[in-house]
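*Asks:*
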Amino acid sequence: MLTDPDGRIVPLLGLVIGAAIVYGVGNVIAKASAGEINSIGDGLKAFAVGAVVGATTALLAQVPIIGAIISVSQALKAVSFTANAAVGLGRGIVEGNWQPLGNTFRIHFGDYYTDGNLDFHEEVWMGISRHTWEAPQNAIGYTYSQFNNGFGNKNVHLIAGATVVNHDDTTLGGWGVTIGNYINGRNVRPFDPATGNLNQLFMHEYGHTIQGSRFGLFYLPVVGLQSIISAANATPINVFNPYLGRNEDYNTHEIKWYERQASMFGRQYFSKYYGGRGVWNERLIPSWVD
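Just so you know, we're using our numbering here: the sequence shown kicks off at 2 and counts up by one.
This is how it looks when you write it as structure tokens:
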């Protein structure tokens with residue numbers, strides 16, 4: 002007969018089941034918002050992936066160090082969600098613009114959103130990794146996205162497990178910053194409205210999400226900090242591109258190993274899963290590897 006002398010099993014079981022339901026429903030809502038639920042099977046798979054992620058995360062939260070990381074990350078998200086929801090509500094009442102409030106929730110559900118292009122076990126690992134191995138950058142990316150959404154008019158897109166907070170302005174050039182599975186920027190929407198093809202800047206930024214999943218806790222010091230400094234000090238440079246077999250004009254930021262690696266990850270991913278819509282122009286953004 003099973004006994005629970007310390008009275009810990011029942012509360013833990015409730016926590017695990019609760020997390021499984023929240024993450025499962027969260028993933029279904031996110032995928033439905035992204036237009037990826039087209040059958041009962043799609044919904045059941047999305048719920049199953051989220052449920053396994055939620056249950057596993059709840060169990061890992063009982064491990065002291067991992068639990069502290071998860072707790073701090075979740076607290077940061079809760080504060081930023083509440084603050085931005087208040088801003089969105091205020092803008093809705095004062096300006097009659099309810100899109101920021103809607104974006105607040107879309108950004109939030111992006112935290113549960115996984116990539117349906119992957120196999121089941123890969124999709125589950127994406128979710129678990131996001132809330133453990135990648136928790137610090139994920140929490141910062143979530144918080145920055147909520148903050149960014151509070152200003153101006155943004156459009157939010159969910160694609161391939163990533164959440165994109167974009168500002169369209171065709172009179173200016175594009176830029177992007179990726180922290181966790183959150184991509185923020187200008188003119189970084191996933192698809193070009195004119196051609197229907199994938200936006201190369203977005204593909205590059207998406208490569209950083211793959212990079213982040215591999216570097217995990219080390220992504221911010223190894224890639225993030227260096228990338229911020231490099232981008233702020235970028236200057237034009239003419240270098241040899243081995244993929245093209247000739248010199249091309251880039252800038253000193255674009256040719257850093259971590260930027261080219263992100264481009265390579267993005268180029269390979271979208272070539273594999275999106276075929277002809279993932280056209281890569283090596284002259285625009287370099288992706289060669291040393």
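Built from N, CA and C at the ideal position, the CB exists for glycine as well.
1. Quick one, which of A33, S231, Y207 has its alpha-carbon nearest S272's?
2. Count the other C-beta atoms from every protein chain shown that fall within 10 angstroms of the C-beta of N39, then say buried if there are 16 or more, exposed otherwise.
3. Is it a yes or a no for the stretch 100 to 110 touching the stretch 147 to 166, going by three-plus beta-carbon pairs under 8 Å?
4. For F48 and P237, I'd like the C-alpha separation in whole angstroms.
5. Using the beta-carbon count (16 or more within 10 Å), is R284 buried or exposed?
6. Quick one: measure Cβ to Cβ for S288 and M265, integer angstroms, because I've assumed they're closer than 8 Å.
7. Pick from Y24, N104, G151, A76: whose alpha carbon is nearest that of A59?
8. Give me the DSSP bridge partner(s) of F48.
9. What distance in whole Å lies between the Cβ atoms of E249 and G181, which are believed to be in contact at a cut-off of 8 Å?
10. In whole angstroms, what separates the C-alpha of F192 from that of P12?
11. Using the Cα positions of Y85 and N139, report the straight-line distance between them to the nearest angstrom.
12. Counting only the same chain and skipping the five closest in sequence on each side, list residues whose C-beta sits under 7 Å from that of Y113.
13. Which residue's Cα is closest to the Cα of W292: H209, Y274, V178?
14. Give the C-beta separation of E124 and G117 to the nearest angstrom, bearing in mind that I take them to be a contact with Cβ-Cβ under 8 Å.
15. Hey, which unbroken runs of the alpha helix (DSSP H) at 4 residues or more fall wholly within the stretch 191 to 219?
16. Looking at the ligand GTP, does it come within less than 8 Å of M204, judged from the CB to the closest heavy atom?
17. Does V54 have its Cβ less than 9 Å from a Cβ in chain C?
18. Based on the DSSP secondary-structure assignment, which residues constitute the bridge partners of R187?
*Replies:* Put simply:
1. As a first step, residue 272 is located in the sequence shown; it is residue number 271 there, counting from the start. Measuring from the Cα of S272, the nearest candidate turns out to be Y207.
2. For the purposes of this step, residue 39 is taken as residue 38 along the sequence shown, with counting starting at 1. Result: exposed.
3. yes
4. Working through the sequence shown from its first residue, we reach residue 48 at position 47. Working through the sequence shown from its first residue, we reach residue 237 at position 236. Near 48 Å, if we compare the C-alpha coordinates of P237 and F48.
5. For the purposes of this step, residue 284 is taken as the residue at position 283 of the sequence shown. It is exposed - the Cβ of R284 has fewer than 16 other Cβ atoms within 10 Å.
6. Residue mapping note: residue 288 aligns to position 287 of the sequence shown, counting from 1. Residue mapping note: residue 265 aligns to position 264 of the sequence shown, counting from 1. About 5 Å separates the two Cβ atoms, so the contact holds.
7. Start at 1 with the first residue of the sequence shown, and residue 59 comes out as number 58. Closest option to A59, Cα to Cα, is Y24.
8. Taking the sequence shown and counting its residues from 1, one reaches residue 48 at position 47. The partner list for F48 (beta bridge, DSSP) is empty, contrary to what the question assumes.
9. Position 180 of the sequence shown, counted from the start, is the residue given in the question as residue 181. Position 248 of the sequence shown, counted from the start, is the residue given in the question as residue 249. So it is not a contact: roughly 31 Å between Cβ atoms.
10. Sequence index remark: in the sequence shown, residue 192 carries index 191 (1-based). Sequence index remark: in the sequence shown, residue 12 carries index 11 (1-based). One C-alpha to the other measures close to 45 Å.
11. Against the sequence shown, residue 85 aligns to sequence position 84. Against the sequence shown, residue 139 aligns to sequence position 138. The amino acid occupying residue 85 in the given sequence is Asn; Tyr does not appear at that position. Each residue's alpha carbon lies about 17 Å from the other.
12. By 1-based counting over the sequence shown, the position of residue 113 is 112. Y24, G27, N28, A31, G51.
13. Given a span of 2 to 291 for the chain in the structure shown, any question on residue 292 remains unanswerable.
14. Counting from one through the sequence shown, the residue named residue 124 turns up at place 123. Counting from one through the sequence shown, the residue named residue 117 turns up at place 116. Confirmed, Cβ separation roughly 7 Å.
15. 201 to 216
16. Within the structure as shown, the ligand GTP is missing, as the structure has no ligands at all.
17. Of the protein chains in the structure, only one exists, and it is not chain C.
18. As a working mapping, residue 187 is identified with position 186 in the sequence shown. Looking at the DSSP assignment, R187 forms a beta bridge with H168, W176.
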